[in-house]
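Colleague:
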Amino acid sequence: MDMLQITAVLISLTAVFSFLNYVFLKLPSTIGVMAISMALSLMLLLLGGLGFPLLLEQEQSLLAGVDFSTTLLHGMLSFLLFAGALHVDINRLSEMKWIVASLATIGVLISTLLVAVLLWGVSLLLDLPLTFIHCLLFGALISPTDPVAVISTLKTLGVPASLETKIAGESLFNDGVGVVLFLVIFNIAYASEPMQAIDMAELFVTETLGGALFGLLIGYIAYRMLRQVDNYQVEIIISLALVMGGYAFAEAWHLSAPIAIVVAGLLIGNHGRQFAMSDKTREHLDTFWELVDEILNAVLFVLLGLEILLIIPISTNTFLLSLLAIPVVLLARFVSVSIPVSVLRGRYQFSPGVIKILTWGGLRGGISVALVLTLPADEVRLYLLPMTYAVVVFAMLVQGLTLGRVVKKQIATIS
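Just so we're aligned, residue 1 is where the sequence shown starts under this note's numbering, counting upward by one.
(1) Evaluate residue 415 with the Cβ neighbour count: other Cβ atoms within 10 Å of its Cβ, from every protein chain shown; 16 or more gives buried, anything less gives exposed.
(2) Report yes or no: do the region 327-347 and the region 270-280 share at least 3 C-beta pairs separated by less than 8 Å?
(3) Do three or more CB pairs link the region 208-224 to the region 248-259 at distances below 8 Å?
(4) Once you ignore the five residues that flank residue 297 on each side, which residues in its own chain have a CB closer than 8 Å to its CB?
(5) Roughly how many whole angstroms lie between the Cα atoms of residue 227 and residue 273?
(6) Going along the chain, which residues of its own chain have a beta-carbon closer than 8 Å to the beta-carbon of residue 343, five neighbours each way excluded?
(7) Use the C-beta contact count for residue 38: other C-beta atoms within 10 angstroms, 16 or more gives buried, fewer gives exposed.
(8) Any contact between the region 167-187 and the region 120-132? By contact I mean 3 or more CB pairs, one from each, below 8 Å.
(9) Just tell me which of 375, 138, 121 and 294 has its CA closest to the CA of residue 387.
(10) Helix, strand or coil for residue 96? Go by DSSP, reduced to three states.
(11) Write down the C-beta distance between residue 218 and residue 264 rounded to the nearest angstrom, noting that I regard them as a contact closer than 8 Å.
(12) Out of 70, 167, 234 and 409, state which residue places its alpha-carbon closest to the alpha-carbon of residue 93.
(13) Please confirm if residue 342 has its CB atom under 9 Å from at least one CB of chain C.
(14) With a threshold of 16 other CB atoms inside 10 Å of the CB of residue 254, please say whether the residue is buried or exposed.
(15) Under the three-state reduction of DSSP, which class applies to residue 331: helix, strand or coil?
(16) Counting Cβ pairs closer than 8 Å, one from the region 316-336 and one from the region 294-308, do we hit at least three?
(17) Just curious, the alpha helix (DSSP H) that residue 284 is in, first and last residue?
(18) Would you check if the distance between the CB atom of residue 250 and the CB atom of residue 301 is smaller than 9 Å?
(19) Could you check how far apart the C-beta atoms of residue 440 and residue 68 are, in whole angstroms? I think they sit under 8 Å.
(20) Is residue 200 near the ligand GDP, in the sense that its beta carbon is under 8 Å from a heavy atom of that ligand?
(21) Mind pulling the alpha helix (DSSP H) runs of 4 or more residues that sit fully within the region 356-403?
(22) Give me the Cα-Cα distance between residue 290 and residue 122, rounded to the nearest whole angstrom.
(23) Count the other CB atoms within 10 Å of the CB of residue 376; is the residue buried (16 or more) or exposed (fewer)?
(24) Classify residue 260 as helix, strand or coil using the three-state DSSP reduction.
(25) Do the CB positions of residue 365 and residue 89 come within less than 9 Å of each other?
(26) Per DSSP, what kind of secondary structure is residue 145 in: helix, strand or coil?
(27) Measure the Cβ-Cβ separation of residue 84 and residue 141 and say whether it is below 9 Å.
(28) When we look at the beta-carbon of residue 315 and count the other beta-carbons within 10 Å, is it buried (16 or more) or exposed?
(29) Distance check for residue 74 and residue 236, CA to CA, integer angstroms please.
(30) Can you find the residues in the same chain that come closer than 7 Å, C-beta to C-beta, to residue 161, ignoring five residues on each side of it along the sequence?
(31) Could you spell out the range, first to last residue, of the alpha helix (DSSP H) harbouring residue 65?
(32) Starting from residue 192, trace the alpha helix (DSSP H) in both directions and tell me its first and last residue.
(33) Would you list, in sequence order, the uninterrupted alpha helix (DSSP H) runs of no fewer than 4 residues that lie entirely inside the region 4-71?
(34) DSSP three-state call for residue 414: helix, strand or coil?
(35) Could you tell me which of 403, 15 and 70 sits nearest to residue 417, measuring between CA atoms?
(36) Tell me which residues share the same chain as residue 350 and place their Cβ nearer than 6 Å to its Cβ, disregarding the 5 neighbours each side in the sequence.
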């Protein structure tokens with residue numbers, strides 16, 4: 001299949017699955033289409049085992065033509081991050097900047113280390129060939145919450161504004177931090193000449209801080225351009241150029257492209273919306289980016305459901321390790337949220353339910369799968385891929401579907 005055919009098939013499947021979910025399942029869109037695509041993959045696998053392999057081979061051919069990591073990390077992600085950042089209130093985010101910053105940095109580091117320690121202990125008990133550095137690698141790719149999964153789920157819950165800002169703000173920034181941390185640990189694990197500690201620290205700061213400053217710069221340039229025109233077609237094109245060009249240049253200059261696009265999106269979504277756009281432009285811009293967000297979200301989660309074929313078949317030890325990875329990641333998330341919140345309680349007011357909601361609302365999604373698929377096709381990936389997929393499926397189908405109940409249970413104590 002060529003790229004046009006693959007795109008046509010994915011869009012068609014997404015339309016059918018979205019229709020089936022809307023009419024029959026009535027689940028949140030991303031969860032519904034992912035569940036249907038997983039069911040399709042399993043059904044085709046069963047038919048293949050019964051002697052009807054044609055449809056299974058066609059699905060495998062489709063997946064072989066899609067580089068999931070490249071498609072998400074160097075394609076879809078820029079649009080999804082910008083669309084998510086566009087509607088975050090920067091004033092409310094500024095009030096909670098230390099909460100969000102601590103969760104997105106210290107929280108990710110704590111979670112990465114704790115996941116690694118616990119997973120290493122489990123792998124020793126099961127006599128599996130995973131070293132501590134490989135466990136750290138898994139901790140880095142699974143610790144960031146996925147902004148795509150988190151924001152799409154929050155839309156359906158009616159979460160209080162202050163809590164939504166904490167969850168959305170953390171998810172928008174911690175994936176950039178997580179990707180940089182993953183690259184640093186990947187270098188240690190696989191590079192022939194590993195970097196020195198000072199070089200790793202310099203890379204981390206350059207990527208994150210440099211990405212933020214670059215995002216501010218390109219966002220300001222786009223903002224000044226928007227102020228000069230009053231034509232929604234031109235202004236939408238400017239926003240597209242900001243997202244695509246900004247992401248490409250940030251990657252070329254080895255800056256954190258996700259953080260750059262989030263910062264640019266926050267600037268355009270707040271100052272740009274208030275001072276550089278007419279009411280007509282705001283309406284058209286919001287409609288355009290909402291549509292882009294919905295389409296790409298749906299396609300992404302259809303792909304996630306289809307990619308389950310990549311982890312089948314798995315061994316008994318791998319299956320057991322994948323099941324154990326779920327409570328390990330949840331425990332690490334609980335601790336990594338509790339520590340920053342406890343430290344900041346003297347400065348900020350937190351309701352008793354915040355830690356529980358932040359823990360259960362820390363959804364993992366496509367970014368974790370994309371990162372694990374960048375690993376070399378060796379024995380380590382054979383263990384890390386099923387674990388990642390198990391955590392993501394649990395996050396979407398269990399945490400995502402029950403998060404509303406958790407929020408409602410705590411709603412009386414959340415201001």
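Cβ atoms here follow ideal geometry from the backbone N, Cα and C, with glycine treated the same way.
Modeller: According to the structure data:
(1) What you label residue 415 is simply residue 415 of the sequence shown in a count that begins at 1. Residue placement at residue 415 is flagged as unreliable, the pLDDT there being 47, under the threshold of 50; a coordinate-derived value is accordingly withheld.
(2) The region 327-347 is not in contact with the region 270-280.
(3) When C-beta atoms of the region 208-224 are compared with those of the region 248-259, three or more pairs fall below 8 Å, so the two segments count as touching.
(4) Start at 1 with the first residue of the sequence shown, and residue 297 comes out as number 297. For residue 297, where only same-chain residues beyond five positions count, the Cβ hits under 8 Å are 29, 30, 80, 148 and 152.
(5) Reading the sequence shown from its first residue, position 227 is the one you call residue 227. Reading the sequence shown from its first residue, position 273 is the one you call residue 273. The straight-line gap from Cα to Cα measures roughly 10 Å.
(6) Residue mapping note: residue 343 aligns to position 343 of the sequence shown, counting from 1. Same-chain partners within the cutoff: 102.
(7) Residue numbering aside, residue 38 sits at position 38 when the sequence shown is read from its first letter. So residue 38 counts as buried.
(8) Fewer than three pairs of CB atoms, one per stretch, sit closer than 8 Å, so the region 167-187 makes no contact with the region 120-132.
(9) As a first step, residue 387 must be located in the sequence shown, where it is residue number 387. Comparing Cα positions, the closest option is 138.
(10) In the sequence shown, the residue the question calls residue 96 occupies position 96. The three-state reading of DSSP puts residue 96 in coil, since its state is none of H, G, I, E or B.
(11) Taking the sequence shown and counting its residues from 1, one reaches residue 218 at position 218. Taking the sequence shown and counting its residues from 1, one reaches residue 264 at position 264. That pair is a contact at about 5 Å.
(12) The residue you call residue 93 lines up with position 93 of the sequence shown. Considering only alpha carbons, the answer is 167.
(13) Given the protein chain composition of this structure (a single chain), no chain C is represented.
(14) Sequence index remark: in the sequence shown, residue 254 carries index 254 (1-based). With fewer than 16 other Cβ atoms within 10 Å, it is exposed.
(15) Position 331 of the sequence shown, counted from the start, is the residue given in the question as residue 331. DSSP places residue 331 in helix when its eight states are reduced to three.
(16) In short, these stretches do not touch, since the Cβ pair count stays below three.
(17) The count along the sequence shown starts at 1 and reaches residue 284 at position 284. Looking at the DSSP string, the run of the alpha helix (DSSP H) that includes residue 284 is 279-306.
(18) In the sequence shown, residue 250 corresponds to position 250, counting from 1. In the sequence shown, residue 301 corresponds to position 301, counting from 1. No, these two residues do not count as a Cβ contact at 9 Å.
(19) For residue 440 there is no data in the structure shown, the boundaries of the chain being 1 and 415.
(20) Of the ligands one can find in the structure shown there are none, so the ligand GDP has no counterpart to examine.
(21) Counting only runs of 4 or more, we get 366-372 and 379-394.
(22) Counting from one through the sequence shown, the residue named residue 290 turns up at place 290. Counting from one through the sequence shown, the residue named residue 122 turns up at place 122. Roughly 43 Å separates the two Cα atoms.
(23) Reading the sequence shown from its first residue, position 376 is the one you call residue 376. It counts as exposed.
(24) For this step, residue 260 is matched to residue 260 along the sequence shown. Residue 260: helix per DSSP, three-state reduction.
(25) Position 365 of the sequence shown, counted from the first residue, corresponds to residue 365. Position 89 of the sequence shown, counted from the first residue, corresponds to residue 89. No; because the gap between Cβ atoms is not below 9 Å, this pair is not in contact.
(26) Position 145 of the sequence shown, counted from the first residue, corresponds to residue 145. Three-state DSSP puts residue 145 in coil, outside helix and strand.
(27) Within the sequence shown, numbered from 1, the residue matching residue 84 stands at position 84. Within the sequence shown, numbered from 1, the residue matching residue 141 stands at position 141. Taking 9 Å as the cut-off, the beta carbon of residue 84 is found no closer than this to the beta carbon of residue 141.
(28) Stepping through the sequence shown from its first residue, residue 315 is reached at position 315. Classification for residue 315: exposed.
(29) To locate residue 236, count along the sequence shown from 1; it is residue 236. To locate residue 74, count along the sequence shown from 1; it is residue 74. Going by C-alpha positions, residue 236 is about 21 Å away from residue 74.
(30) Stepping through the sequence shown from its first residue, residue 161 is reached at position 161. Here residue 161 has 92 as same chain residues with Cβ atoms under 7 Å from its own Cβ, once five neighbours each way along the sequence are excluded.
(31) In the sequence shown, counting from the first residue as 1, residue 65 sits at position 65. Unbroken run through residue 65: none, as it is neither H nor E.
(32) As a position in the sequence shown, residue 192 is number 192, starting the count at 1. Neither: residue 192 is in no alpha helix (DSSP H) and is coded neither H nor E.
(33) Here the runs fully enclosed are 29-49, 54-64 and 68-71.
(34) Here residue 414 is taken as the residue at index 414 of the sequence shown, counted from 1. Here the model assigns residue 414 a pLDDT of 48, short of 50, so the residue's position is not dependable, and the following value carries that caveat. The answer is coil: DSSP assigns residue 414 none of H, G, I, E or B.
(35) What the structure shows of the chain is the stretch from 1 to 415, and residue 417 is not part of that stretch, so it cannot be assessed.
(36) Residue 350 sits at position 350 when you count from the first residue of the sequence shown. Non-local beta-carbon contacts of residue 350 in its own chain, meaning distances under 6 Å to residues more than five positions away in sequence, involve 341 in chain order.
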